[in-house]
Structures are given as structure tokens and as C-alpha cells.
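J.:
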Amino acid sequence: MKELLVTYYKGFAQKANWEQTLDEDFVFIMNDGEPLLGKQAYVKMCRNFCKSYQTMRVNQTIIEGDNAFVLGNYDWILPDGSTQSGNVAEIWKAENGLLKELKIYFHK
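Residue numbering for the sequence shown follows full-length UniProt numbering, starting at 1 and increasing by one per position.
1) Do the CB positions of F28 and A41 come within less than 9 angstroms of each other?
2) For a quick check, are the C-beta atoms of E90 and I104 less than 9 angstroms apart?
3) Where does N96 fall in DSSP's three states?
4) Less than 9 angstroms separating the beta-carbons of W92 and V58?
5) Please state the DSSP three-state secondary structure of S85.
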């Protein structure tokens with residue numbers, strides 16, 4: 001799990017080369033909303049999301065077996081061009097050597 005997360009977040013911060021860490025049946029859930037199903041749907045959504053932040057970094061990681069918690073910090077680009085920093089709680093599940101599920105919670 002640690003290697004998967006290191007590869008994912010290194011690529012996600014650089015906005016490239018993170019997709020190979022995902023299972024084809026990947027599930028993404030944001031703030032307990034409706035799940036987004038499938039790797040390709042998540043990749044498409046992330047390509048748009050990547051335009052909304054300037055930088056991202058991992059502040060904390062807790063791993064237990066195939067489960068992990070990551071506290072990510074993002075510098076979002078606001079419509080007026082300024083930036084605002086915010087934290088996102090990211091809860092992961094892995095299966096068969098790939099990331100299988102991600103639930104995220106934005107700090108409101």
C-alpha cells in the first residue's frame with residue numbers, strides 16, 4: 001500500500017503518471033455523495049480537477065494493511081487567480097496490488 005500511495009501522490013502532484021496505480025473497477029466517493037464508478041471515469045474527473053490546484057502535498061499518512069488515510073493539502077486556484085490552501089481527508093482501500101476505492105472529505 002505504501003508504494004502505491006507514493007507512486008499515486010508523486011504523479012498526482014506532478015499531474016502525470018498516477019493512473020497505473022488504479023484498479024479498472026475503481027470507486028470514488030466525495031463527501032458521501034453518489035459513487036463515481038470505473039477507472040476511466042475517475043481519470044477523466046481528475047484531469048479536470050488537476051486544473052483547479054497549483055500544488056498539492058501529503059501532510060499525513062496512516063496505513064493499516066490494505067487501508068490508508070491520507071491528509072492532503074492543496075493550493076487551489078480561485079476564479080480571481082488567487083490561491084487558497086485547504087485540506088482533504090482521503091480514505092483509501094487497495095485490492096490485488098492496486099488502489100480500489102477512494103473516499104474524500106473536503107474541509108468546509
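For each residue, glycine too, the CB sits at the ideal point set by N, CA and C.
T.: If we stick to the structure as given:
1) yes
2) yes
3) coil
4) no
5) strand
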